[in-house]
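Visitor: The structure is given below, and queries will be raised subsequently.
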Amino acid sequence: MGAFRSFSLLAIAGLAVGWFATRPQPLPDDALIGLTGDPANGALVFAAAGCASCHVATDGPANLLSGGKRFVSDFGSFIAPNISSDAEHGIGSWTDLELASAIKAGVGRDGRHLYPAFPYTAYSKASTQDIVDLIAYLRTLPASDRPDVPHALDFPFNQRITLGPWKALFLRSDWILADVPTPQLERGRYLVESLGHCTECHTPRNALGGLQTARWMAGAPNPSGEGRIPNITPAVLKWSEGEIAEYLKSGFTPDFDSAGGTMAAVVRNTAKLSDADRAAIAAYLKAIPAVANEEP
Amino acid sequence: MHFKTLTVVATAGAFIVASAAFAGGHLTEDQQRAVDARQSHMGLYGFNLGPLGAMAQDKIPYDAEVAAAAAANLAALANMSHDAYWVEGTDGSGDGIRAKTEIWTDMDGFKAEDMKLAAATTALAAVAGDGLDAMRAAFGPVWQSCGSCHEAYRAPRS
Chain S
1 MGAFRSFSLL AIAGLAVGWF ATRPQPLPDD ALIGLTGDPA NGALVFAAAG CASCHVATDG
61 PANLLSGGKR FVSDFGSFIA PNISSDAEHG IGSWTDLELA SAIKAGVGRD GRHLYPAFPY
121 TAYSKASTQD IVDLIAYLRT LPASDRPDVP HALDFPFNQR ITLGPWKALF LRSDWILADV
181 PTPQLERGRY LVESLGHCTE CHTPRNALGG LQTARWMAGA PNPSGEGRIP NITPAVLKWS
241 EGEIAEYLKS GFTPDFDSAG GTMAAVVRNT AKLSDADRAA IAAYLKAIPA VANEEP
Chain E
1001 MHFKTLTVVA TAGAFIVASA AFAGGHLTED QQRAVDARQS HMGLYGFNLG PLGAMAQDKI
1061 PYDAEVAAAA AANLAALANM SHDAYWVEGT DGSGDGIRAK TEIWTDMDGF KAEDMKLAAA
1121 TTALAAVAGD GLDAMRAAFG PVWQSCGSCH EAYRAPRS
């Protein structure tokens, strides 16, 4: 057997092992056993997780998750899918387990990897009970028959097999703020790092689209091109906890400017949370490491 | 000698290219004036929103006179014509500009936001001196108008 042939066989074997090791892995069959969904808590999870911000059409009613919004990135355009309760075009006929696998494990109903434009990297840390509640709430929302449009991605990002290794690199189960001495900080961490997926915009990414965790929340280029998503670590964000909480409630900054751009949609969601939850987010933002802005 | 001439020509050439690139990223005097004027106008909104917002949030006690004066200013500002502010070529996020291209591509939608603010501030000015509850109720539509316009037509800081 020639050297080239053994090398080829080895390479193929290596790829096969790589594929197998990084194949899509949905939640185990028994993941939801014993859990009952509470749609009232699900409505709060829905707001905290910001589902509507991406899945409602630009001109659609606020609770119709018809999808269709375009998200431009360095890898191509992602188009939000219909996740309304429609049985054919939405998620109406998905089982709870299929939905929970999509949300927490990034695996679609067809068993393929989902693109991390859907922030399952953050939702993977959500409590299974919260996700079951969320699913119960989603089922109460109206149906839209808008058919899905495929993403328009550049090669090689249009090859879903590349998502296996990507997940192996960047789908982390540990928390960034390891030390949470109070229940309030623990709640804040949960809302920011998991449900709120704040870091998806506020933390810069490396060339592969993974988060640069050493610059956690230190600001990043705006994916849609204009301006920058601000640094909200204590190095730059000097507002008091009360001022941060007020901003998340009314959208007003301490000097009475108002939230704009994509943050306006975020504030519509955080306005629905309790005062205690907004205070917990503010406490978390004061507890993370201060990271100075990079010199331009 | 030849070498020296070449150096001078090359240096001059580099300066021309560099200054052209520099000018390309900057505004004409007229454009800059329009940008300064509209940003000052925004500053006046913020200044007059201050006492009303602080009263609405119970940070300072309600004062009918102060509230009425601030609300009258807001209404005056919002009812001025802003048309001359939106000079072509003053969009984008460079030079401290946060005006989104959508202002020019969707001028009708932008003007509708303008009308909304004019109506909301006029309504606020009519009741701002009539007590905290009346002022607070009329304040809501004003800040909603701030937010919806900034959502669609203002980019984050660069």
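Residue numbers (the numbering used here), protein chains in the order written: chain S, 1 to 296; chain E, 1001 to 1158. A virtual CB, placed ideally from N, CA and C, is assigned to each residue, including glycine.
Spell out the partners DSSP gives S/Ile176 in its beta bridges.
Guide: Here residue 176 of chain S corresponds to residue number 176 of the first sequence, with the count starting at 1. DSSP, once it has assigned bridges, lists no residue as partnering S/Ile176.
Visitor: Which stretch, first to last residue, makes up the beta strand (DSSP E) that contains S/Val72?
Guide: Along the first sequence, one-based indexing puts residue 72 of chain S at 72. S/Val72 -> beta strand (DSSP E) spans Arg70 to Ser73.
Visitor: For E/His1026, count neighbouring C-beta atoms within 10 Å of its own C-beta (all shown protein chains included) and say buried if the count is 16 or more, exposed if not.
Guide: Position 26 of the second sequence holds residue 1026 of chain E. With fewer than 16 Cβ atoms within 10 Å of its Cβ, E/His1026 is classed as exposed.
Visitor: The beta strand (DSSP E) that contains S/Phe330, what's its start and end?
Guide: As shown, chain S starts at 1 and ends at 296. That puts residue 330 of chain S outside it, with no answer to give.
Visitor: For S/Arg298, which residues does DSSP report across the bridge?
Guide: Outside the shown range of chain S (1 to 296) lies residue 298 of chain S, about which nothing can therefore be said.
Visitor: Mapping DSSP to helix, strand and coil, what is S/Val56?
Guide: Within the first sequence, the letter at position 56 stands for residue 56 of chain S. It is coil, neither helix nor strand.
Visitor: Please specify which runs of the alpha helix (DSSP H), each continuous and at least 4 residues long, are wholly inside the segment 1031-1079 of chain E, giving them in chain order.
Guide: 1064-1079
Visitor: For S/Arg187 and S/Ala80, what's the separation of their Cα atoms in angstroms?
Guide: Working through the first sequence from its first residue, we reach residue 187 of chain S at position 187. Working through the first sequence from its first residue, we reach residue 80 of chain S at position 80. Answer to the nearest angstrom: the Cα atoms are 28 Å apart.
Visitor: Thinking C-alpha only, which one of S/Ser53, S/Asp130, S/Ala168 and S/Glu241 is nearest S/Ala62?
Guide: In the first sequence, residue 62 of chain S corresponds to position 62, counting from 1. Measuring from the Cα of S/Ala62, the nearest candidate turns out to be S/Ser53.
Visitor: What in chain S is Cβ-close to E/Trp1143, meaning under 8 Å?
Guide: Counting from 1 along the second sequence, the entry for residue 1143 of chain E is found at position 143. The contacting residues are Ser250, Gly251, Phe252 and Ser258.
Visitor: Just to confirm, are S/Tyr284 and S/Val192 a CB contact at a threshold of 8 Å?
Guide: Working through the first sequence from its first residue, we reach residue 284 of chain S at position 284. Working through the first sequence from its first residue, we reach residue 192 of chain S at position 192. Yes; because the gap between Cβ atoms is below 8 Å, this pair is in contact.
Visitor: In terms of alpha-carbon separation, which member of S/Ala245, S/Met263 and S/Ser258 lies closest to S/Leu273?
Guide: Position 273 of the first sequence holds residue 273 of chain S. Nearest option by C-alpha distance: S/Ala245.
Visitor: What three-state label does DSSP hand S/Phe170 in the structure shown?
Guide: For the purposes of this step, residue 170 of chain S is taken as the residue at position 170 of the first sequence. In this structure, S/Phe170 counts as helix in the three-state DSSP scheme.
Visitor: DSSP on S/His89, reduced to helix/strand/coil?
Guide: Within the first sequence, residue 89 of chain S is the residue found at index 89, counting from 1. The answer is coil: DSSP assigns S/His89 none of H, G, I, E or B.
Visitor: List, in order along the chain, the chain E residues whose C-beta lies closer than 9 Å to that of S/Ala264?
Guide: Here residue 264 of chain S refers to the residue found at position 264 of the first sequence. Contact of S/Ala264 with chain E by beta-carbon distance below 9 Å involves Gly1147, Ser1148, His1150, Glu1151 and Ala1152.
Visitor: Let me know the secondary structure DSSP gives E/His1026 once reduced to three states.
Guide: As a working mapping, residue 1026 of chain E is identified with position 26 in the second sequence. Of the three classes helix, strand and coil, the one that applies to E/His1026 here is coil, per DSSP.
Visitor: Under DSSP, the alpha helix (DSSP H) around E/Tyr1153 begins and ends at which residues?
Guide: Position 153 of the second sequence, counted from the start, is the residue given in the question as residue 1153 of chain E. Element bounds for E/Tyr1153: Leu1132 to Tyr1153.
Visitor: Please compile the residues from chain S whose C-beta is within a distance smaller than 8 Å of the C-beta of E/Gly1050.
Guide: Here the question's residue 1050 of chain E lines up with position 50 in the second sequence. Here the neighbours are Asp255 and Phe256.
Visitor: Residues of the segment 224-243 of chain S in Cβ contact with chain E at a cutoff of 7 Å, in chain order, please.
Guide: Within the segment 224-243 of chain S, the qualifying residues are Glu226, Gly227, Arg228, Ile229 and Pro230.
Visitor: For S/Gly90, would you say it is in contact with chain E, using Cβ-to-Cβ distances shorter than 8 Å as the test?
Guide: Reading the first sequence from its first residue, position 90 is the one you call residue 90 of chain S. Not one chain E Cβ lies under 8 Å of S/Gly90.
Visitor: What's the gap between the Cα of S/Glu88 and the Cα of E/Val1066?
Guide: Mapped onto the first sequence, residue 88 of chain S falls at position 88. Mapped onto the second sequence, residue 1066 of chain E falls at position 66. Straight-line Cα distance between these residues: approximately 58 Å.
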